[in-house]
Each structure stands twice: as structure tokens, then as C-alpha cells.
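**Student:** The structure under discussion is supplied below as C-alpha cells; questions concerning it will follow.
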Amino acid sequence: MVNNGASGACQACKQRHKKCDETRPVRFSPISDPLDHWLPSKLPNWQHTPPDPTKVTSRLSILCTPLSKHEAVTIDEIFARTEPLFRKAEALLARDATLDELYAVKRDAENLKNEYNIWIDNLPEEWKPRVVGSIVAEDGAKPQVGYWPGRNTEYYDRKFHLPTCTPPANSILAYIATIWNSYRKARLLVINIIMNCYNRICTFPDHEEIDPAIYAEIDDLITGLLLSIPFVLSSDVQTFVQNASTRAPLIPGRPIGGLMLTHTLYVLSVLPIIDPKIQMYLTECMAWIGEHMKIGQAVILSKCATDDLFDYVTEAHVLLWAGMLI
Numbered sequence: 005m006v007n008n009g010a011s012g013a014c015q016a017c018k019q020r021h022k023k024c025d026e027t028r029p030v031r032f033s034p035i036s037d038p039l040d041h042w043l044p045s046k047l048p049n050w051q052h053t054p055p056d057p058t059k060v061t062s063r064l065s066i067l068c069t070p071l072s073k074h075e076a077v078t079i080d081e082i083f084a085r086t087e088p089l090f091r092k093a094e095a096l097l098a099r100d101a102t103l104d105e106l107y108a109v110k111r112d113a114e115n116l117k118n119e120y121n122i123w124i125d126n127l128p129e130e131w132k133p134r135v136v137g138s139i140v141a142e143d144g145a146k147p148q149v150g151y152w153p154g155r156n157t158e159y160y161d162r163k164f165h166l167p168t169c170t171p172p173a174n175s176i177l178a179y180i181a182t183i184w185n186s187y188r189k190a191r192l193l194v195i196n197i198i199m200n201c202y203n204r205i206c207t208f209p210d211h212e213e214i215d216p217a218i219y220a221e222i223d224d225l226i227t228g229l230l231l232s233i234p235f236v237l238s239s240d241v242q243t244f245v246q247n248a249s250t251r252a253p254l255i256p257g258r259p260i261g262g263l264m265l266t267h268t269l270y271v272l273s274v275l276p277i278i279d280p281k282i283q284m285y286l287t288e289c290m291a292w293i294g295e296h297m298k299i300g301q302a303v304i305l306s307k308c309a310t311d312d313l314f315d316y317v318t319e320a321h322v323l324l325w326a327g328m329l330i
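Residue 5 is where the sequence shown starts when you use our numbering, and the numbers rise one by one after that.
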């Protein structure tokens, strides 16, 4: 059998453009597969397949995400349009943009936010965070890494290692959690665009106030990230929760968790819409990752209080995602 890269399909199957078996997801190989074999009309009839967390989308997707009969686009398609829009908005807001330009970018951001809503609303229950314990706040004490107050969550990674995806069993325990945190980061970037455009457009007191629900959305997204940190970084989240009352130091798990989390922590630590206290905590988490997981990039980013390294970490993050699929 000849290995054909990320899909791992046998050479005979590649030549016939068939799957090795019914459970293997359809994957696109730009080297060996002609594009016309991957047109939507020739893909499996996924529109009528009920959500199944053990199977991944059959669309042209880099990330292994579950099938959904309602899914209009895959999450990586939305990711791919988020960063360019963020850059476009950044350049636009740096100059004297016209109202038409500002409204156009704001509208694009609102459309992206709606697509994120659709994606998250149609995830199967198994892919959603599950509460496993809680951390009680200590009066006046600064939370140590892993002990942000709230209800801690775990993800489907602990029970299922995505055998139909490229990441091998027992090698990456935070794959689903990482997709969730990447989603949270990307959606917060989109909200940041909306709020920046709103603040530029609405410069008079009689303008309509921004919808208060957007602040609740920001809080929900950042809280979800904060309460996922023990799951991503610890060697055993159940043991961590059981010992939470003693405030025992977090025992580091596999470095891949910290490596994948660092980019998200950095981006949100310099994003203006995030509370400064939370930003400080995210910075401390990066420093912890650098010290306990020996990841030098995390140390560098923990000392950077601006978005000067945004491009650098974005490129590194893309390479890491690609590495997970080899």
C-alpha cells in the first residue's frame, strides 16, 4: 500500500477515485485528484445525513468536523475569510474611510458572524463542551493558571480520538477543543470589526446605541475559552477538578495542547474588546506554557503587549494545523 499523504488512501483507491471503506471521509488531494472529480454534484449526498460526531464533513475541508445536514459551509471556509476581512478592516480604520466603505465592511463582518452562528448551532451534542466541575473564586486573589472561576468543561476528545481523521489515536487529545477555541478567537475578531466600524460610524449622541447583546456574546466566547484551559493544558482534567479546592498547581499535559492554544491566547491578549484583567491572565497562561511545556514562542508572545507579531503567529498556527493532518 502506498501512502498518499493526509488521506492515507491506498493507491488503487486513489486511481479509481473511491474510498477505501464507507467510514473513510472524502478528502481532496490537489496532486493526484482532478478537480472535476470533487465538484459538489459528485460528492456524496451529505445534505441528508444526520449529524454524526464519528464522521467528518465530506465537503472540501481541511479540518475534521462532523457531518451536518444543515451545514452551508465548513468552519475552515469561514476561518479563511475571517483573517483577510480583519486585515481589510484594520487598513480601512487606519485612514479616513467613507461611510459606504465602513458600512460595507461592517456588513461583511455581520454576515460572517451569522455563518459562525449557523455552524455552531448545528454541531452534534457530542461536539459541544460538557461541564465537569467548577472553580470557586477566591476573594481578592489573582487566579493562578487553570483556576479562572467558573464551570470547567471537557470535550469529546477524551472519549473519542477521531479514528476517521488524520490525527492518530492518543496523539492529540485536544483536537475538538482547539477547533472550538479557534472558533471563539475568530468570532471575537469579527465582533471587534463590527464594534470598531460602529464606533467610527456612530460619532453623534443621537445615533442608535450598539445592541447590548453583543457584550453578552463577547463574555460567553471569552469565558468558554478560559474554562477550556485546564482541559487543553492539564495531563488529566478529572484529577485537576477533583483537586481544585486545594488549588494544586496544574500538571502540564502534552505540549501540543499548549502549542495550539498559544496563538489564540496571544491574539485575544491584545484584542481591544477583551477585559484587561482577562488579557493579563491570558498573558500569564502563555508564560506558564513557555515555562512548563518548554515552548519558546509562548515565552516571546507573553512579553508582547501589542499586535506586532500577529502575522508571525498566524503563519505559525497555519503550519501547526497542517502538521496535525500529516
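Even for Gly, the Cβ is constructed at its ideal location relative to N, Cα and C. Small disclaimer: the values here were computed from a predicted structure and weren't measured.
Based on DSSP bridge pairs, tell me the residues matched to isoleucine 139.
**Tutor:** As a position in the sequence shown, residue 139 is number 135, starting the count at 1. Partner residues in the beta bridge of isoleucine 139, as assigned by DSSP, are Gly154.
**Student:** Can you find the residues in the same chain that come closer than 7 Å, C-beta to C-beta, to leucine 254, ignoring five residues on each side of it along the sequence?
**Tutor:** Locating residue 254 in the sequence shown gives position 250, counting from the first residue. Counting only Cβ-Cβ distances below 7 Å, and skipping sequence neighbours, we find Val149, Gly150, Pro234, Leu237, Ser238 and Phe244.
**Student:** Tell me the rounded alpha-carbon separation between alanine 190 and asparagine 247.
**Tutor:** Your numbering for residue 190 matches position 186 in the sequence shown. Your numbering for residue 247 matches position 243 in the sequence shown. Answer to the nearest angstrom: the Cα atoms are 33 Å apart.
**Student:** For leucine 193, I'd like the list of residues in its chain whose CB is within less than 8 Å of its CB, leaving aside the five on either flank, ordered along the chain.
**Tutor:** Start at 1 with the first residue of the sequence shown, and residue 193 comes out as number 189. Once the five neighbours on either side are set aside, the close Cβ partners of leucine 193 are Thr86, Glu87, Phe90, Val271 and Leu275.
**Student:** If we call anything under 9 Å between Cβ atoms a contact, is isoleucine 183 one with glutamate 221?
**Tutor:** In the sequence shown, the residue the question calls residue 183 occupies position 179. In the sequence shown, the residue the question calls residue 221 occupies position 217. Between isoleucine 183 and glutamate 221, the C-beta gap is not smaller than 9 Å, which leaves the two residues out of contact.
**Student:** Once the 5 residues before and after aspartate 161 are set aside, which same chain residues still bring their CB inside 7 Å of it?
**Tutor:** Mapped onto the sequence shown, residue 161 falls at position 157. The answer, listed in chain order, is Leu177, Ala178, Tyr179, Ile180 and Ala181.
**Student:** Let me check one thing: in DSSP terms, what residues is proline 256 bridge-paired to?
**Tutor:** Sequence index remark: in the sequence shown, residue 256 carries index 252 (1-based). Proline 256 is bridged to Ser238.
**Student:** Which one of Asn200, Gly262 and Asn185 has the shortest CA to CA distance from threonine 227?
**Tutor:** Taking the first residue of the sequence shown as position 1, residue 227 is located at position 223. When only C-alpha atoms are compared, the closest one is Asn185.
**Student:** Any idea if glutamate 158 is buried or exposed, counting beta-carbon neighbours within 10 angstroms, 16 or more meaning buried?
**Tutor:** Against the sequence shown, residue 158 aligns to sequence position 154. By the neighbour-count rule (16 or more Cβ atoms within 10 Å), glutamate 158 is buried.
**Student:** Does the separation of the CB atoms of proline 147 and tyrosine 285 fall below 9 Å?
**Tutor:** On the sequence shown, residue 147 is found 143 positions in, with the first residue counted as 1. On the sequence shown, residue 285 is found 281 positions in, with the first residue counted as 1. Cβ atoms of proline 147 and tyrosine 285: closer than 9 Å.
**Student:** Which of the three DSSP states is assigned to arginine 99 in this structure?
**Tutor:** For the purposes of this step, residue 99 is identified with residue 95 of the sequence shown, where counting begins at 1. Of the three classes helix, strand and coil, the one that applies to arginine 99 here is coil, per DSSP.
**Student:** Is arginine 251 helix, strand or coil when you go by DSSP?
**Tutor:** Translated into positions along the sequence shown, residue 251 becomes position 247. The answer is coil: DSSP assigns arginine 251 none of H, G, I, E or B.
**Student:** What is the rounded straight-line gap between the Cα of cysteine 308 and the Cα of tyrosine 202?
**Tutor:** Start at 1 with the first residue of the sequence shown, and residue 308 comes out as number 304. Start at 1 with the first residue of the sequence shown, and residue 202 comes out as number 198. Looking at the two C-alpha atoms, the distance is approximately 28 Å.
**Student:** Pick out whichever of Thr310, Gly294 and Arg111 has its Cα sitting closest to the Cα of isoleucine 197.
**Tutor:** Position 193 of the sequence shown holds residue 197. Taking only the C-alpha atoms, the option nearest isoleucine 197 is Arg111.
**Student:** DSSP puts arginine 134 in a beta bridge; with which residues?
**Tutor:** Here residue 134 refers to the residue found at position 130 of the sequence shown. Arginine 134 is bridged to Glu158.
**Student:** Does DSSP put threonine 310 in a helix, in a strand, or in coil?
**Tutor:** Walking along the sequence shown from the start, residue 310 turns up at place 306. DSSP places threonine 310 in coil when its eight states are reduced to three.
**Student:** Which residues in the same chain have their Cβ closer than 8 Å to the Cβ of proline 259, if we skip the five residues on either side of it in sequence?
**Tutor:** Walking along the sequence shown from the start, residue 259 turns up at place 255. If we look at proline 259 and ignore the five residues flanking it on each side, its Cβ neighbours are Met297, Lys298 and Ile299.
**Student:** Is DSSP giving asparagine 196 helix, strand or coil here?
**Tutor:** Here residue 196 corresponds to residue number 192 of the sequence shown, with the count starting at 1. Helix, per DSSP.
**Student:** Going by beta-carbon coordinates alone, are alanine 230 and isoleucine 293 separated by less than 9 Å?
**Tutor:** Reading the sequence shown from its first residue, position 226 is the one you call residue 230. Reading the sequence shown from its first residue, position 289 is the one you call residue 293. Checking the displayed sequence, the identity of residue 230 turns out to be leucine instead of alanine. Result no, Cβ atoms of leucine 230 and isoleucine 293 do not sit closer than 9 Å.
**Student:** DSSP state of leucine 127, grouped into three classes?
**Tutor:** Taking the sequence shown and counting its residues from 1, the one referred to as residue 127 is at position 123. In this structure, leucine 127 counts as coil in the three-state DSSP scheme.
**Student:** Which first and last residues belong to the alpha helix (DSSP H) in which isoleucine 278 is found?
**Tutor:** Here residue 278 refers to the residue found at position 274 of the sequence shown. Unbroken run through isoleucine 278: none, as it is neither H nor E.
**Student:** Would DSSP call threonine 227 helix, strand or coil?
**Tutor:** Residue 227 sits at position 223 when you count from the first residue of the sequence shown. Note: threonine 227 maps to helix in three-state DSSP.
**Student:** If you draw a straight line from the alpha carbon of alanine 145 to that of aspartate 104, how long is it in whole angstroms?
**Tutor:** The residue labelled residue 145 in the question sits at position 141 within the sequence shown. The residue labelled residue 104 in the question sits at position 100 within the sequence shown. So the two alpha carbons sit approximately 48 Å from each other.
**Student:** Does the Cβ of threonine 78 have 16 or more other Cβ atoms within 10 Å, making it buried, or fewer, making it exposed?
**Tutor:** Translated into the one-based positions of the sequence shown, residue 78 becomes position 74. Classification of threonine 78: buried, given that the 10 Å Cβ count is 16 or more.
**Student:** Spatial neighbours of proline 256 within its chain, please: CB distance less than 6 Å, with the 5 preceding and 5 following residues excluded, ordered by chain position.
**Tutor:** Reading the sequence shown from its first residue, position 252 is the one you call residue 256. Correct list, in chain order: His296 and Met297.
**Student:** State buried or exposed for glutamine 301, treating a residue as buried only when at least 16 other CB atoms are found within 10 Å of its CB.
**Tutor:** Numbered from its first residue, the sequence shown carries residue 301 at position 297. That one is buried.
**Student:** Please report the straight-line C-alpha distance between glutamate 288 and isoleucine 82, rounded to a whole angstrom.
**Tutor:** Here the question's residue 288 lines up with position 284 in the sequence shown. Here the question's residue 82 lines up with position 78 in the sequence shown. Going by the C-alpha atoms only, they are around 30 Å apart.
**Student:** For alanine 342, does the three-state DSSP call read helix, strand or coil?
**Tutor:** With the chain running from 5 to 330 in the structure shown, residue 342 is simply not present.
**Student:** Quick check: what's the CA-CA separation for leucine 106 versus glutamate 114?
**Tutor:** As a working mapping, residue 106 is identified with position 102 in the sequence shown. As a working mapping, residue 114 is identified with position 110 in the sequence shown. Using only the alpha carbons, I get a separation of about 12 Å.
**Student:** Do threonine 310 and methionine 290 have their CB atoms nearer than 9 Å?
**Tutor:** For the purposes of this step, residue 310 is taken as residue 306 along the sequence shown, with counting starting at 1. For the purposes of this step, residue 290 is taken as residue 286 along the sequence shown, with counting starting at 1. In this structure, methionine 290 does not lie closer than 9 Å to threonine 310 by Cβ.
**Student:** Check whether the Cβ atoms of asparagine 121 and serine 138 sit closer than 9 Å, and answer yes or no.
**Tutor:** Numbered from 1 along the sequence shown, position 117 holds the residue referred to as residue 121. Numbered from 1 along the sequence shown, position 134 holds the residue referred to as residue 138. Going by C-beta atoms, asparagine 121 is not nearer than 9 Å to serine 138.
**Student:** Go ahead and pull the three-state DSSP assignment for glycine 300.
**Tutor:** Taking the first residue of the sequence shown as 1, we reach residue 300 at position 296. Of the three classes helix, strand and coil, the one that applies to glycine 300 here is helix, per DSSP.
**Student:** Which residues in the same chain as glutamine 188 place their Cβ atom closer than 8 Å to its Cβ, once the five residues preceding and following it in sequence are excluded?
**Tutor:** Position 184 of the sequence shown holds residue 188. Contrary to the premise, residue 188 reads as arginine rather than glutamine in this sequence. Closer than 8 Å at Cβ, skipping near neighbours: Leu225, Ile226, Gly228, Leu229 and Thr268.
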